[in-house]
Amino acid sequence: MSYHAKLSDEALRALEAERRNSTMISVMMALLFCVLLGLVMAVIFLTTEVKETPEIITFAGSQDAEERVEKPEIVNQVERKPSAPSKTLSRVIASTSVTELAVPVTSVDLDTPSLDFGDSEDFGSGWGNGVGSGAGGGGFSSFGSTNPNSGLRGTFYDFKRDRSGKPTGLKKLDQGPYTKIIQAFTRGRTWKAPARYKHFTSPVELYTSSIVFKGIPDVEAGQAFQAPETKPGLWLVHYSGDVVAQTSGTHRLIGWGDNVLVIAIDGKIVLDASDKGFTGEKRTRRGSINVPGKPGAALYEGKPFSLSQGRSYKIDVLIGDMGGLFSAGAMVMRKSSDYKDGSGIPQLPALVVSPLTEEDRKHRSFVKPQYLNPEIFKLK
Numbered sequence: 150m151s152y153h154a155k156l157s158d159e160a161l162r163a164l165e166a167e168r169r170n171s172t173m174i175s176v177m178m179a180l181l182f183c184v185l186l187g188l189v190m191a192v193i194f195l196t197t198e199v200k201e202t203p204e205i206i207t208f209a210g211s212q213d214a215e216e217r218v219e220k221p222e223i224v225n226q227v228e229r230k231p232s233a234p235s236k237t238l239s240r241v242i243a244s245t246s247v248t249e250l251a252v253p254v255t256s257v258d259l260d261t262p263s264l265d266f267g268d269s270e271d272f273g274s275g276w277g278n279g280v281g282s283g284a285g286g287g288g289f290s291s292f293g294s295t296n297p298n299s300g301l302r303g304t305f306y307d308f309k310r311d312r313s314g315k316p317t318g319l320k321k322l323d324q325g326p327y328t329k330i331i332q333a334f335t336r337g338r339t340w341k342a343p344a345r346y347k348h349f350t351s352p353v354e355l356y357t358s359s360i361v362f363k364g365i366p367d368v369e370a371g372q373a374f375q376a377p378e379t380k381p382g383l384w385l386v387h388y389s390g391d392v393v394a395q396t397s398g399t400h401r402l403i404g405w406g407d408n409v410l411v412i413a414i415d416g417k418i419v420l421d422a423s424d425k426g427f428t429g430e431k432r433t434r435r436g437s438i439n440v441p442g443k444p445g446a447a448l449y450e451g452k453p454f455s456l457s458q459g460r461s462y463k464i465d466v467l468i469g470d471m472g473g474l475f476s477a478g479a480m481v482m483r484k485s486s487d488y489k490d491g492s493g494i495p496q497l498p499a500l501v502v503s504p505l506t507e508e509d510r511k512h513r514s515f516v517k518p519q520y521l522n523p524e525i526f527k528l529k
């Protein structure tokens with residue numbers, strides 16, 4: 150005979166609760182284990198990613214390429230040249246020396262006579278040969294010198310190309326864009342090249358003592374400012390500086406510009422002698438004159454302005470050309486009656502701010518010597 154113990158209902162409920170708790174704990178531990186396992190796998194995966202990423206950036210390959218470029222292969226080639234037979238080198242040197250003696254004699258001496266011939270009293274002959282006698286060639290330049298004490302400071306701008314030399318799309322004889330450029334340049338009291346128009350600026354500045362230019366090919370401007378690759382047209386030169394008035398009273402400027410001559414005193418335009426009247430400023434036509442290299446140049450009188458002796462003034466001058474022949478000049482007169490229409494080139498004090506050199510006077514010999522002195526203005 151056996152006896153079987155039977156649990157009470159309360160004990161059964163307690164066991165059931167205990168079993169439930171154990172099951173939940175087991176499930177939670179399993180979940181936590183899975184989460185932990187996932188984190189471990191993620192860390193391992195990310196670590197692998199980080200470690201593999203630098204290996205993809207092939208720094209070593211770039212360095213090898215640089216080292217191959219810097220290999221002294223050029224040095225080896227240069228070293229081979231001195232090893233050539235001395236007789237061969239002697240022949241090359243001999244032939245070069247003969248060529249150097251022969252070439253300059255014709256190119257230099259042929260240009261020099263045209264300078265003197267272009268300055269002659271005969272306008273017929275002077276124009277035919279004077280066209281090529283401007284600033285090109287030797288050390289003399291009608292656009293000025295590099296001496297900062299010699300006159301108004303000038304900067305050359307070419308609007309057919311940008312600062313890197315690439316074309317801007319503008320070409321010679323583009324009068325519409327050229328007019329807008331000039332108007333923007335001369336707007337306000339401080340003249341400067343308008344930034345919204347791409348342009349090339351000359352590598353050097355030149356200083357001129359006078360604003361008198363006979364007729365010359367317009368490309369000589371770029372040559373003078375060490376920009377010989379400049380093509381014809383759509384260039385400007387801005388001269389500026391402080392001067393002291395040598396006299397008092399009301400004065401006027403009279404001059405010509407093919408194609409551009411605009412002059413301002415203390416920021417106010419007093420003469421636009423441009424043949425196209427680019428700025429729209431009021432001026433009076435005073436007939437035509439025959440300038441060496443530029444016959445039939447239109448002459449214009451500007452607006453009156455007052456000077457006080459001993460006072461300092463700022464002068465701005467803008468010259469330029471659309472392409473072809475360039476010529477410009479300005480003289481000073483006290484009243485309109487100082488010049489009689491049809492009497493030729495005004496024999497009046499030229500716009501000169503410092504003493505001219507003999508070469509300058511030679512280039513401007515069509516103006517009487519007594520009018521090529523700093524009589525009205527003097528560089529400060």
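Mapped onto the numbering used here, the consecutive letters of the sequence shown carry residue numbers 150 to 529.
For every residue, glycine included, the Cβ atom is placed at its ideal position computed from N, Cα and C.
Given the structure is predicted, the values throughout are model-derived calculations rather than measurements.
By how many angstroms is the C-alpha of residue j removed from the C-alpha of residue i?
i: Val440; j: Gly406; result: 11 Å
i: Leu188; j: Leu181; result: 10 Å
i: Arg345; j: Arg434; result: 33 Å
i: Asp415; j: Asp307; result: 25 Å
i: Lys425; j: Ala370; result: 20 Å
i: Glu508; j: Ser290; result: 9 Å
i: Phe526; j: Gln395; result: 6 Å
i: Lys452; j: Thr295; result: 32 Å
i: Ser457; j: Thr399; result: 9 Å
i: Gly404; j: Ala477; result: 7 Å
i: Leu161; j: Arg169; result: 12 Å
i: Leu528; j: Ala413; result: 16 Å
i: Asn522; j: Trp340; result: 27 Å
i: Glu430; j: Pro297; result: 31 Å
i: Pro518; j: Arg510; result: 7 Å
i: Lys489; j: Tyr327; result: 33 Å
i: Leu186; j: Glu165; result: 31 Å
i: Ser423; j: Glu524; result: 24 Å
i: Gln212; j: Gly337; result: Annotation note: pLDDT 41 at Gln212 (below 50); position unreliable, no value reported.
i: Ala179; j: Met173; result: 10 Å
i: Val176; j: Met190; result: 21 Å
i: Val466; j: Asp421; result: 10 Å
i: Asp258; j: Ile330; result: Because Asp258 sits at a pLDDT of 38, beneath the cut-off of 50, its placement in the model cannot be relied upon, and the following sentence gives the value as read from the coordinates. Whole-angstrom Cα-Cα distance: 40 Å.
i: Ser157; j: Ile193; result: 54 Å
i: Glu167; j: Glu159; result: 12 Å
i: Tyr356; j: Arg432; result: 28 Å
i: Val516; j: Pro352; result: 32 Å
Closest by CA to residue i, which one among the options?
i: Phe427; options: Glu508, Pro343, Gln332, Val392; result: Gln332
i: Ser397; options: Pro518, Ser171, Val516, Tyr462; result: Tyr462
i: Ser514; options: Pro495, Leu467, Ala179, Glu524; result: Pro495
i: Ala447; options: Glu167, Thr295, Pro297, Gly436; result: Gly436
i: Ser313; options: Ser389, Thr350, Leu186, Pro297; result: Thr350
i: Pro358; options: Thr339, Ile330, Tyr388; result: The question names Pro, but residue 358 is Ser in the sequence shown. Selected option, being the one with the closest Cα: Tyr388.
i: Arg310; options: Tyr327, Lys347, Lys329; result: Lys347
i: Thr379; options: Lys529, Lys315, Arg162; result: Lys315
i: Ser144; options: Pro504, Asp465, Ile438, Ile464; result: The structure shown has nothing for residue 144, since the chain only spans 150 to 529.
i: Asn408; options: Cys183, Gln324, Ala163, His512; result: Gln324
Look at residue i and residue j and say whether their C-beta atoms are less than 8 Å apart.
i: Tyr520; j: Leu497; result: yes
i: Gly293; j: Val393; result: no
i: Leu410; j: Ala479; result: yes
i: Ala418; j: Thr335; result: It should be noted that the sequence gives Ile, not Ala, for residue 418. Yes, the Cβ-Cβ distance between Ile418 and Thr335 is below 8 Å.
i: Glu354; j: Arg401; result: no
i: Asp367; j: Phe454; result: no
i: Val481; j: Gly390; result: no
Let me check one thing: in DSSP terms, what residues is residue i bridge-paired to?
i: Ala344; result: DSSP lists no partner for Ala344.
i: Gly406; result: Ser423, Ala477
i: Lys517; result: Note: Lys517 sits in no beta bridge, so no partner.
i: Met178; result: DSSP output for Met178 lists no bridge partner at all.
i: Ser389; result: Arg302, Asp465
i: Gly398; result: Leu456
i: Met482; result: Arg401
i: Phe349; result: Asp307
i: Lys417; result: Ile414
i: Arg336; result: Answer is none; Arg336 lacks a bridge partner.
May I ask you to verify whether the region 288-305 touches the region 313-320, counting CB pairs closer than 8 Å and requiring at least 3? no
Taking 8 Å as the cut-off, does the region 466-477 touch the region 382-402 (at least 3 CB pairs, one atom from each stretch)? yes
For the region 367-380 against the region 477-485, do three or more pairs of beta-carbon atoms, one drawn from each stretch, fall closer than 8 Å, so that the two count as touching? no
For the region 356-364 against the region 442-459, are there 3 or more C-beta pairs whose distance is under 8 Å? yes
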